[in-house]
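**Q**
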Amino acid sequence: MGYLDQVTEKLDESRNIGVCYIDFNEGDIFVAKLERSTLSQAIGGLAHYSRYMDDIFCVTNREHNIQQILKLFNEAHPSLEFTVEVEANNNLAFLDVAVSRKEDGSVRRHSQKEDMEWPIY
41 MGYLDQVTEK
51 LDESRNIGVC
61 YIDFNEGDIF
71 VAKLERSTLS
81 QAIGGLAHYS
91 RYMDDIFCVT
101 NREHNIQQIL
111 KLFNEAHPSL
121 EFTVEVEANN
131 NLAFLDVAVS
141 RKEDGSVRRH
151 SQKEDMEWPI
161 Y
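The sequence shown: position 80 = 120 (my numbering), numbered continuously.
The structure is reproduced here in structure tokens:
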């Protein structure tokens with residue numbers, strides 16, 4: 041599961057699992073530059089941050105105001121629009137992986153891929 045394996049550490053009840061979706065197609069180089077400059081302080085304050093193409097997975101402490109973090113990301117560049125999805129009932133979908141917080145605080149990941157029918161021509 042790649043970079044999501046980095047999130048195997050136990051997460052206590054004081055952390056949120058959140059996903060920010062970026063609605064743009066500017067490319068990795070542009071976002072990487074923002075991550076190293078404008079967004080570096082916001083990213084540094086997160087418990088976990090990883091990005092796959094234009095999807096971002098982050099873990100925050102509950103005391104962080106998610107809306108404030110979203111505002112910082114949206115102010116990073118006028119042509120970018122970020123949205124956020126916060127875990128509900130200790131579950132969150134990210135790409136085609138479901139991330140769940142277990143009672144002991146650890147994180148469980150499992151694939152959400154649907155079976156596909158392959159047409160035969």
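Using N, Cα and C, we set each Cβ at its ideal position, and we do this for glycine too.
Bear in mind that the values here come from a model prediction, so they are computed numbers and not experimental data.
By a C-beta neighbour count over all protein chains shown, 10 Å radius and 16 as the cutoff for buried, is R76 buried or exposed?
**A** Translated into positions along the sequence shown, residue 76 becomes position 36. Classification of R76: exposed, given that the 10 Å Cβ count is below 16.
**Q** What are the residues that DSSP puts in a beta bridge with H150?
**A** On the sequence shown, position 110 is the one that residue 150 refers to. Answer is A138.
**Q** Using DSSP with H/G/I as helix, E/B as strand and the rest coil, what is N65?
**A** On the sequence shown, residue 65 is found 25 positions in, with the first residue counted as 1. In this predicted model, N65 has a pLDDT of only 48, less than 50, meaning its place in the structure is not dependable; the value taken from the coordinates is given anyway. Coil.
**Q** Could you tell me whether the Cβ atoms of V139 and L132 are closer together than 7 Å?
**A** Reading the sequence shown from its first residue, position 99 is the one you call residue 139. Reading the sequence shown from its first residue, position 92 is the one you call residue 132. Yes, the Cβ-Cβ distance between V139 and L132 is below 7 Å.
**Q** Provide the residue span of the beta strand (DSSP E) that contains E125, from first to last.
**A** Within the sequence shown, residue 125 is the residue found at index 85, counting from 1. Unbroken beta strand (DSSP E) run through E125: F122 to V126.
**Q** If contacts are defined as beta-carbon pairs under 8 Å, then L135 and Y89 qualify, I think. What distance do you get, rounded to the angstrom?
**A** Numbered from 1 along the sequence shown, position 95 holds the residue referred to as residue 135. Numbered from 1 along the sequence shown, position 49 holds the residue referred to as residue 89. Between Y89 and L135 the Cβ distance is about 15 Å, and since that is not below 8 Å, they are no contact.
**Q** Just verifying my parser: in three-state terms, what is the DSSP assignment at N131?
**A** Residue mapping note: residue 131 aligns to position 91 of the sequence shown, counting from 1. Strand at N131.
**Q** How would you call R141, buried or exposed, if buried means at least 16 neighbouring beta carbons within 10 angstroms?
**A** Your numbering for residue 141 matches position 101 in the sequence shown. Classification for R141: buried.
**Q** The ligand HEM heavy atoms versus the CB of A87: any closer than 6 Å?
**A** Among the ligands in the structure shown, none appear at all, so the ligand HEM cannot be discussed.
**Q** Cβ atoms of L86 and A179: under 7 Å apart, would you say?
**A** Summary: the structure shown does not reach residue 179, with the chain confined to residues 41 through 161, and so no result is reported for it.
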